[in-house]
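J.:
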Amino acid sequence: MVNSLRTGTQGIDDTQRQFLNWMGWKVLLPLILLVLIWPLYGSMLHLPHSFIRAFAPGDLLIFSSLILMEAAIEGEHLPHQSFASLLARMLAKISAIVFIASYVAIRYTVVLHENGLLRELSSIPQLDPAQVEKLSEMSLNNMLPYSCFSCAVAVVSVIFSVLAFWKNVRFEQTITIKRLKQESDPQPEVTG
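Each residue of the sequence shown is one higher than the one before, counting from 28 in the numbering used here.
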């Protein structure tokens, strides 16, 4: 974000270009690739409950953690930041670490659910398709909150990151404008 403001209309173009590059390569592309798992499971593989299967493992939590950490670190170089900005950056870093820990816990729980289902199915002497479907349905329904949590965290992380990006750009522009104003207004010489 350094040097995001140049003279004239070029500064606006640089800021927009920088935002589009950041949003496209660091946010949207990874998010789209992760979200494409959902239709892949549903349409192409014809798996029931594709939403749960795609997002219960918590991969969006890793994405969210990376986006939050990026947003928190991006503007640290800026001088004279408010306490609220420093606090928001610290909370974003802590949240990113908590999301990684949540990912580990959710991933472990999902694996336990799958193993429990497999053990339960293997203990049934004659596999009745209706019974298999019922057990599978119960197991998947237990994982629905994990899918919703992962998606909600991803949405909040993207929103926070976009707001942090624009706040950093505005702060950089304010600093640059003040610096240019000081350079263009010569200080009167003091004669004594």
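Every residue gets a Cβ at the ideal spot worked out from N, C-alpha and C, and that includes glycine.
These figures come from a predicted structure and were not determined experimentally.
(1) Looking only at its own chain, which residues have a Cβ that is under 8 Å from the Cβ of Leu95, when we skip the five neighbours before and after it?
(2) Ordered along the chain, which non-local residues of its own chain (more than five positions away) have a Cβ less than 6 Å from that of Ile64?
(3) With the cut-off set at 7 Å, would you say Ala98 and Ala191 are in Cβ contact?
(4) Leaving out five residues on either side along the sequence, give the residues of the same chain with a beta carbon under 8 Å from the beta carbon of Glu101.
(5) How far does the alpha helix (DSSP H) with Phe194 in it reach, from first residue to last?
(6) From Thr42 to Thr136, what does the alpha carbon distance come to, in whole angstroms?
(7) What is the rounded straight-line gap between the Cα of Gln200 and the Cα of Ala115?
(8) Between Leu139, Leu58, Met50, which lies nearest to Val180 when the distance is taken from Cα to Cα?
(9) Would you be able to state if there are at least three C-beta pairs under 8 Å between the stretch 72-87 and the stretch 159-172?
(10) Tell me the residue span of the alpha helix (DSSP H) that contains Met117.
(11) For the alpha helix (DSSP H) that Pro228 lies in, which residues bound it at each end?
(12) Please work out which residues of its chain come closer than 7 Å, Cβ to Cβ, to Tyr130, disregarding the five sequence neighbours upstream and downstream, and give them in chain order.
(13) According to DSSP, is Ala83 part of a helix, a strand, or is it coil?
(14) At the level of alpha carbons, what is the spacing between Ala157 and Ala132?
(15) When you compare each of Leu144, Ile202, Gln209, Ser211 to Ile104 by their alpha carbons, which one comes out closest?
T.: In terms of the structure at hand:
(1) Ala119, Lys120, Ser122, Ala123, Phe126, Ser184, Phe187, Ser188
(2) Ala81
(3) yes
(4) Met28, Ala191, Phe192, Asn195
(5) Contrary to the premise, residue 194 reads as Lys rather than Phe in this sequence. Membership of Lys194 in the alpha helix (DSSP H) is indicated by the continuous run 156-211.
(6) 43 Å
(7) 20 Å
(8) Leu58
(9) yes
(10) 110-150
(11) The shown model of the chain, from 28 to 219, leaves out residue 228, and the question about it has no answer.
(12) Gly85, Leu88, Ile89
(13) Three-state result, Ala83: coil.
(14) 31 Å
(15) Per the sequence shown, the amino acid found at residue 104 is His instead of Ile. It is Ile202.
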